[in-house]
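> One line per chain: the protein sequences are D and X, in this order. Using my numbering, read the first sequence as starting at 212 and increasing by one per residue. Using my numbering, read the second sequence as starting at -17 and increasing by one per residue.
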Amino acid sequence: MVSAVFHSPLGSTTEKNQAQPIPKAEPGKQPAPAKAPRQPIDWRGVWLKVLPPVIGIALVVGIWALLTMKSTSFPTPAATFTEAVKVFSDPFYSKGPNDQGIGWNILFSLERVAVGFGLAALVGIPMGFMIGRFTFLNNMVSPLISLLRPVSPLAWLPIGLLVFKAANPAAIWTIFICSIWPMIINTAVGVQRVPSDYLNVARVLNLSEWKVITKILFPAVLPYMLTGVRLSVGTAWLVIVAAEMLTGGVGIGFWVWDEWNNLNVTHILIAIFVIGIVGLLLEWALISIAKRFTYDEV
Amino acid sequence: MKSFIEVQNAEMVFNTKKGQFHALREINLKVEKGEFVTLIGHSGCGKSTLLNLIAGLTLPSSGALICDNREIAAPGPERAVVFQNHSLLPWLTCFENVHLAVERVFGNSDTKARLKERTLAALELVNMSHAAYKRPHEISGGMKQRVGIARALAMEPKVLLMDEPFGALDALTRAHLQDELLKIVGRTHSTVVMVTHDVDEAVLLSDRIVMMTNGPAATIGEILSVELARPRNRVDLAEDTRYVHYRKEVLDFLYTRHGHVEKAAA
């Protein structure tokens, strides 16, 4: 059950190493002006970093512009941009339940994700610890997890609607059930992979169970756990859009569906960008947290 | 004199996927208080297994192990282990690594200030005070091993068990740490059981060298008493005829009489 969604902490260390050269160069530069003239900026390096992504985006926008030049139904990039400026100039208006600013829509979606994901973390992480620690439990739960994990998120929605008899809890339930698996699995794998040397240290020192958990298990498992959390947040954000399309209420997914009913394709395009950017920010925030807690293997 | 550690007829059989593996047979060994004993043998002869038995990390299939008149049933801080790969916790500083052990052993009897004092004293003992607040990945292999020794010594154990503690180090660092270990043991009069595969290390450090036959079903082949006066100096000993003689005896045992047998013969 283990390897499917597993990122090793070694992997994240290399990520870290790749990301570091830029901040590392700065402390080198700071003392330099005092003694020697400033180091010339490495323009070539900057260009090679900035240019490829810019070209990529320009290419997509260019093709989009070319394809929509003569179209009447599909908006051009320019039209989308002007509309986006308009939408974002007043993100927090509220004209009744079906017409609210994009800011509100994003915040409501994020709130659902936070609640669903938070509950999943509360249940999933301790469960992962237990499964990792006790083989019996692992053997008991493994087949269930393997069976339930590949189920499409939206298949859970009717169950939520049935049980909670309301749209909002049903959406949260869907997020909960979909984002719990990566956290359980990665935490369990982390516990199973705690180096036996560390546990031997604990045995020789005869540490109390509490000390073993706080000083050895938890720090050793943390990088694995954060990988699980990262994957879970990604899943949760994917699921919320789909769930809100079906359940309605205020939220970015509902907004997409509403604008489709209004045939406002420009807004749908804006929503797609917004969903992408928010997902990116969530991922980025969690990676930076994970980096802070990744220790260097010795 | 009553022996401090006693291994009586210990047998060790592991249940592996390929069936049973008889690792150790009929091990009988007595270690006196304050004695420095090394276990030497070819790799795979079960010397680490024997050390783990004394540590209590594994329990024998049959036979008994006694330390200070008590049967060894589980690991405990009175038998501190220095692991082969130091096993420092990478998320704790050197100070915290040692403090974890000190706190466990003396936490109930000592004040917080005294615990801190003990930790710093242990680090001082291995000349690692300068790196007390560094994390293991920031210091060299030799330094890590020294902190590992500090952690073991800080517990004031009755026995210090060392599993090839200098095996992963370069020759110069190893020699340096051996000298430091000799000094520390000279001061603390600790009882030490150490696993090694280095003949010079065994002769230089030990009071007795326990030479083990090849596995499977390895046992103690011969025990050599090293009667060299302490403190010992490696440079002077290099030309000492008795040292050369002891060294030859061990080499003779390891390579002439119990040369590493091929698997086909076993």
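Note that the Cβ used here is the ideal one computed from N, Cα and C, for glycine as well. No experiment lies behind these values; they were computed from the predicted model shown.
#1: Taking N291 (chain X) as the query, report the chain D residues whose CB atoms sit under 8 Å from its CB, ordered along the chain.
#2: Rounded to a whole number of angstroms, what is the C-alpha to C-alpha distance between A431 (chain D) and I424 (chain D)?
#3: What are the complete alpha helix (DSSP H) segments, minimum 4 residues, inside the segment 302 to 377 of chain D?
#4: Skipping 5 residues on each side, what residues in its chain have a beta carbon closer than 8 Å to that of N(-9) (chain X)?
#5: Name the residues in the segment 416 to 431 of chain D whose C-beta lies less than 9 Å from a C-beta of chain X; which are they?
#6: How long is the line joining the alpha carbons of H240 (chain X) and G1 (chain X), rounded to whole angstroms?
#7: Could you please give me the residues that DSSP links to H4 (chain X) through a beta bridge?
#8: Does the separation of the CB atoms of A325 (chain D) and S390 (chain D) fall below 7 Å?
#9: Any contact between the segment 487 to 505 of chain D and the segment 431 to 440 of chain D? By contact I mean 3 or more CB pairs, one from each, below 8 Å.
#10: If you compare alpha carbons, which of D:V374, D:W275, D:M338, D:I370 is closest to P393 (chain D)?
#11: From what residue to what residue does the alpha helix (DSSP H) around C49 (chain X) run?
#12: Assign V141 (chain X) to one of three DSSP states: helix, strand, or coil.
#13: Using the beta-carbon count (16 or more within 10 Å), is P264 (chain D) buried or exposed?
#14: May I have a chain-ordered list of the beta strand (DSSP E) segments no shorter than 3 residues that lie completely inside the segment 146 to 189 of chain X?
#15: Leaving out the 5 sequence neighbours to the left and right, which residues in its chain are closer than 8 Å to W73 (chain X) when beta-carbon positions are compared?
#16: For S219 (chain D) and Y435 (chain D), what's the separation of their Cα atoms in angstroms?
#17: Specify, as a first and last residue, the run of the alpha helix (DSSP H) that I524 (chain D) falls within.
#18: Whose C-alpha, out of X:N79, X:A199, X:R224, X:V226, is nearest the C-alpha of F3 (chain X)?
#19: Residues of chain D with a CB under 8 Å from the CB of A83 (chain X): which are they?
#20: Determine, using beta carbons only, whether N411 (chain D) comes closer than 7 Å to chain X.
#21: Quick one: using the 10 Å Cβ neighbour count with 16 as the cut-off for buried, is F285 (chain D) buried or exposed?
#22: Considering only C-alpha positions, which residue in the set X:G28, X:R100, X:M144, X:L210 is nearest to S69 (chain X)?
#23: Spell out a yes or no on whether the segment 51 to 66 of chain X and the segment 126 to 144 of chain X are touching, meaning 3 or more CB-CB pairs, one atom from each, closer than 8 Å.
#24: Would you identify the three-state DSSP class for P242 (chain D), choosing helix, strand or coil?
#25: Straight-line CA distance for P288 (chain D) to I486 (chain D)?
#26: Mind listing which residues of the segment 50 to 67 of chain X have their C-beta closer than 8 Å to chain D's C-betas, in chain order?
#27: Could you check whether the Cβ of R86 (chain X) sits closer than 7 Å to any Cβ belonging to chain D?
#28: With a threshold of 7 Å between beta-carbons, can L39 (chain X) be considered close to chain D, or not?
#29: In three-state DSSP terms, what is R52 (chain X)?
#30: Less than 7 Å between CB atoms is the rule here; does P147 (chain X) satisfy it with respect to chain D?
#31: Taking L107 (chain X) as part of the alpha helix (DSSP H), name the residues at either end of that continuous run.
#32: Taking the straight line between their C-alpha atoms, what separation do you get for W495 (chain D) and L321 (chain D)?
#33: Give me, in chain order, the residues of the same chain whose beta-carbon lies closer than 8 Å to that of W471 (chain D); leave out the 5 immediate sequence neighbours on both sides.
#34: Could you give the distance in angstroms between the alpha-carbon of N196 (chain X) and the alpha-carbon of K260 (chain D)?
#35: At least one CB of chain X closer than 7 Å to the CB of Y435 (chain D): is that the case?
#36: Which residues in chain X sit within 8 Å of Y506 (chain D), going by Cβ to Cβ distance?
A quick look at the data gives this:
#1: With chain X covering only -17 through 248, there is no way to say anything about residue 291 (chain X).
#2: 10 Å
#3: 313 to 344, 346 to 359, 368 to 375
#4: E8, I9, N10, S44, G45, A46
#5: L416, N417, L418, S419, K422, K426, I427, P430, A431
#6: 26 Å
#7: X:V(-5)
#8: no
#9: The segment 487 to 505 of chain D vs the segment 431 to 440 of chain D: in contact.
#10: By alpha-carbon distance to P393 (chain D), the top candidate from D:V374, D:W275, D:M338, D:I370 is D:M338.
#11: Taken as a continuous stretch (DSSP letters only), C49 (chain X) belongs to no alpha helix (DSSP H), being part of the beta strand (DSSP E) at 44 to 49.
#12: strand
#13: exposed
#14: 173 to 178
#15: R117
#16: At S219 (chain D), the pLDDT of 42 sits below 50, so the modelled position is not reliable; the number obtained from the coordinates is stated separately. Computed Cα separation, rounded: 7 Å.
#17: Nothing about residue 524 (chain D) can be read from this structure; chain D reaches only from 212 to 509.
#18: X:A199
#19: L416
#20: Cβ-Cβ to chain X under 7 Å: yes for N411 (chain D).
#21: exposed
#22: X:M144
#23: Output reads yes: the segment 126 to 144 of chain X touches the segment 51 to 66 of chain X.
#24: Annotation note: pLDDT 44 at P242 (chain D) (below 50); position unreliable, no value reported.
#25: Whole-angstrom Cα-Cα distance: 18 Å.
#26: A56, P57, G58, P59, R61, A62, V63, F65, N67
#27: Using beta-carbon distances, R86 (chain X) counts as an interface residue toward chain D, with a partner under 7 Å.
#28: yes
#29: strand
#30: no
#31: From DSSP, the alpha helix (DSSP H) with L107 (chain X) extends over 94 to 107.
#32: Whole-angstrom Cα-Cα distance: 15 Å.
#33: Correct list, in chain order: I479.
#34: 60 Å
#35: no
#36: Simply P72, W73, R117, H119.
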